Amino acid sequence: MKKREAEKERYLYLFLSIAVLTLYYLPHWILGQDAVFRISDFLDDEVIQYELSGKYLFASGDTIVKEWLSGAPLATIQPPCFLLVLFFKFFSFYHAVILSSVFGRVTAYAGMFLLCGELLGKEERHFSFMASTLFCILPFYPSYGLSSVGLPLVAWACLKLYKGNSVTPWIAFVLYALSSSLVWSGYFVVFFVFMAAIVLLFRKKRAAAGRLAAAGAGMTILYIVIFWNTIAGILFGTMNSHRNDPGRVYEPQEFWDNVVSLFKYGQYHAPSLHTYIMAFAFVSVGAGLLCYKKMNKGLRKRVILAAVLWGTALLIALFRGFYNSAGGYAFRERLGGLSSFQVDRIYWVYPALWYTELAISASVLFHAIKIGGERMVRYSSPKNGAIKKMNGAIRVSGILFAAVFTVFFAGYIIRHPNSVEYEETWNRVFGRKEPERGDLISYREFYDCELFQEVEEFIGRDQKNYRVACLGFVPAIAQMNGFYTIDGYCTNYPLEYKYRFRSVIGRELEKSDALRQYYDNWGNRCYLFSAELGIKFQNLKSERLVIKDLQLDTEALRKLGCDYIFSAVRVENAVEIGWRPLGVFSGEHSVIEIYVYDVCGDQG
232 MKKREAEKER
242 YLYLFLSIAV
252 LTLYYLPHWI
262 LGQDAVFRIS
272 DFLDDEVIQY
282 ELSGKYLFAS
292 GDTIVKEWLS
302 GAPLATIQPP
312 CFLLVLFFKF
322 FSFYHAVILS
332 SVFGRVTAYA
342 GMFLLCGELL
352 GKEERHFSFM
362 ASTLFCILPF
372 YPSYGLSSVG
382 LPLVAWACLK
392 LYKGNSVTPW
402 IAFVLYALSS
412 SLVWSGYFVV
422 FFVFMAAIVL
432 LFRKKRAAAG
442 RLAAAGAGMT
452 ILYIVIFWNT
462 IAGILFGTMN
472 SHRNDPGRVY
482 EPQEFWDNVV
492 SLFKYGQYHA
502 PSLHTYIMAF
512 AFVSVGAGLL
522 CYKKMNKGLR
532 KRVILAAVLW
542 GTALLIALFR
552 GFYNSAGGYA
562 FRERLGGLSS
572 FQVDRIYWVY
582 PALWYTELAI
592 SASVLFHAIK
602 IGGERMVRYS
612 SPKNGAIKKM
622 NGAIRVSGIL
632 FAAVFTVFFA
642 GYIIRHPNSV
652 EYEETWNRVF
662 GRKEPERGDL
672 ISYREFYDCE
682 LFQEVEEFIG
692 RDQKNYRVAC
702 LGFVPAIAQM
712 NGFYTIDGYC
722 TNYPLEYKYR
732 FRSVIGRELE
742 KSDALRQYYD
752 NWGNRCYLFS
762 AELGIKFQNL
772 KSERLVIKDL
782 QLDTEALRKL
792 GCDYIFSAVR
802 VENAVEIGWR
812 PLGVFSGEHS
822 VIEIYVYDVC
832 GDQG
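Here our numbering = 1-based position in the sequence shown + 231.
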């Protein structure tokens, strides 16, 4: 009978998981391309690299990618996750974007549910459901694949291999390696898997140690194969990256500000929204320690684990604070070419850590309440029936707590500023639309294929035979529409090209110290900058902006192969700097307008 009930409960939570994910994606199913997606570091960056990687999937290492940066080495398009490249290879661009998101969230839910189930057991699936539901609706960046959201699955696989050998954990390790980034999270995952193997070896658990070591070795081999271009660039200097600019000035951050910021709020690339979870866990661990002597061995392990996870989060924050402090930069200068390698990205474990902590600390708190209740009942009444009723009431209370906490905290996550795109999508479902903002426009409005089709037809040339540069809007829009650009958002491109491009924008950088530091000390956004626009990359036609005195070097643009400028704002002195206006384009539903200028001297 108990087995049948357990089977029913398992199917209940499977149904609930499908319901949660269906409800989450409901506005996207309703709106389609009119839904709002995150632009920064997603639509304006990574998805373009996935698209190009799909196109050049089987190209040789010395291939030149002609579509951006005036033709750049293949190593410049190294997206975070190999498996997502296949989505962009075999599906339409929009459907690949959606699939990337669904894949990450389904894996996030499954991994967290499996991990918490392994730690808490079948009787407390309500806490596993609570943690996995909230974890999977966090405002993750889909383009990073499983780098952060897949960590619970890896932890679960490690536990399963520790307990015995089976096929499923090996599949989980392979899936993670194929769907995560070596430089974002892969390096520390492999490191900790090997460390766990070493610890088990010293504890004379040789079989388990061997299995984990084999898993770590397998992931390492996969990462080497997938990220060979990046690894070769670091080890053998096949491309001198712009990240190694000798003129780059590292600006140390204040130690305690950095520590408090990460520990309290997390990091935006790996959003955890854990502030209240941190406080709840602190109270729960305290309650567990008060009842520690009355707990059995299994519950004591949960209290210790909850305390260790809380302390680990603090240690990660302290490490990151040091790594980005003056002392940390002094240490990093000794690393040579590895100085730009961000070891502090271990904070990517934060979401997985805090939501595992939530499930465990909730269990600890309710067991502490149960122990305290038993004490009171025994003191007031010796009857065992009263204790059983009290324990049953506490279990029901735990289920109710999990349900209420899930609902209310889900609302907190959805309404959080980090989730503004998702909230805006729901607003549009109900016919409510926020005032136009550059970061709150739909997929269709952002890429505006109809508008750029009109521009392409006006130029009337094969897109392969000319190059454009973008001003006042992100180059990813032109790139997605098939235009070849001299600019782009790239995390690893030749230093020589950074210098050549600086000759174009140098006079504008000198007008603004903020822009100069932004480009010289970072440079991932190799864009046409204007001091009058500042660090603002999406300018809408409703703003009616005009650049009065643009000082870009037109001759340097020509040397980079640029034929046309696509600008989202009118340039008042265009003719003075050698740009010939060709036309202005704007669709009825377009949020931007495009001014086309000829800079190569042709008639177009």
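The beta carbon of each residue, even a glycine, is placed where N, CA and C say it ideally should be.
Remember, it's a predicted structure, so these values are computed and weren't measured experimentally.
Judged by DSSP in its simplified three-state form, Val296 adopts strand. Pairing Val815 with Tyr826 gives a Cβ-Cβ distance under 8 Å.
In this structure, the beta-carbon distance from Arg576 to Ser416 falls below 8 Å. For Met711, same chain residues with a beta-carbon under 6 Å away, outside a window of 5 residues either side, are Tyr678 in chain order. Excluding sequence positions up to five before and after Glu727, its CB lies within less than 8 Å of the CB of Asn471, all in the same chain and listed in chain order. Residue state for Ile825 is assigned as strand, using DSSP reduced to three classes.
Within the DSSP secondary-structure output, Ser798 pairs in a beta bridge with Leu702 and Tyr826. By the 16-neighbour rule on beta-carbons within 10 angstroms, Lys601 is buried. If one requires a minimum length of 3 residues, the beta strand (DSSP E) runs lying completely within the stretch 723-799 are 793-798, in chain order. Within the model, the alpha-carbon separation for Tyr749 versus Ile630 is close to 50 Å. In the structure shown, the three-state DSSP call for Leu288 is coil.
When the five nearest sequence neighbours on each side are left out, the beta carbons in the same chain lying within less than 7 Å of the beta carbon of Arg531 are those of Tyr523, in order along the chain. Close CB contacts of Val516 within its chain, under the 8 Å cut and outside five residues either way in sequence, are with Val534, Ala537, Ala538, Trp541, Ser592 and Val595 (chain order). Note that the stretch 688-700 does not touch the stretch 272-286; fewer than 3 beta-carbon pairs, one per stretch, sit closer than 8 Å. For Arg551, the enclosing alpha helix (DSSP H) stretches over residues Lys528 to Tyr554. Selection Ser673, Phe732, Glu681 and Glu240 evaluated against Ala266 yields Ser673 as nearest (Cα-Cα). Listed as beta-bridge partners of Arg811 by DSSP are Asp829. For Met509, the enclosing alpha helix (DSSP H) has its first and last residue at Thr506 to Leu521. By the Cβ rule, the stretch 237-252 does not count as touching the stretch 301-313, because fewer than three pairs are nearer than 8 Å. Of the candidates Arg811, Asn804, Leu813 and Ser798, the residue whose Cα lies closest to the Cα of Ile823 is Ser798. The stretch 653-666 makes no contact with the stretch 504-512: fewer than 3 CB pairs, one atom from each, lie closer than 8 Å. Separation of the CB atoms of Cys389 and Ala427 is rounded to 6 Å, and the pair is thereby assigned contact status at 8 Å. Shown here for Ala805: same chain residues with a beta carbon closer than 7 Å to its own, the five before and five after excluded, namely Pro812 and Tyr828 in chain order. Around the Cβ of Asn752, a 10 Å sphere holds fewer than 16 other Cβ atoms; the residue is exposed. Look at the stretch 303-390 and you find no whole run of beta strand (DSSP E) that is 3 residues long or longer. Here Ile766 is exposed, its C-beta having fewer than 16 other C-beta atoms within 10 Å. Counting of Cβ neighbours within 10 angstroms places Lys664 among the exposed residues, the total staying below 16. By the CB criterion at 8 Å, His357 and Ala583 fall outside the cutoff. The criterion of a C-beta distance shorter than 8 Å is satisfied by Thr722 and Asn755. A direct Cα-to-Cα measurement between Arg437 and Leu392 gives close to 12 Å. Within the DSSP secondary-structure output, Thr716 pairs in a beta bridge with Val699.
Beta-bridge partners assigned by DSSP to Ala501: Gln498. In this structure Val777 is in contact with Val800, their Cβ atoms being roughly 6 Å apart against a cut-off of 8 Å. For Ser332, same chain residues with a beta-carbon under 7 Å away, outside a window of 5 residues either side, are Pro373 in chain order. Counting of Cβ neighbours within 10 angstroms places Gln684 among the exposed residues, the total staying below 16. Boundaries of the alpha helix (DSSP H) harbouring Phe677: Tyr674 to Tyr678, taken from the DSSP string.
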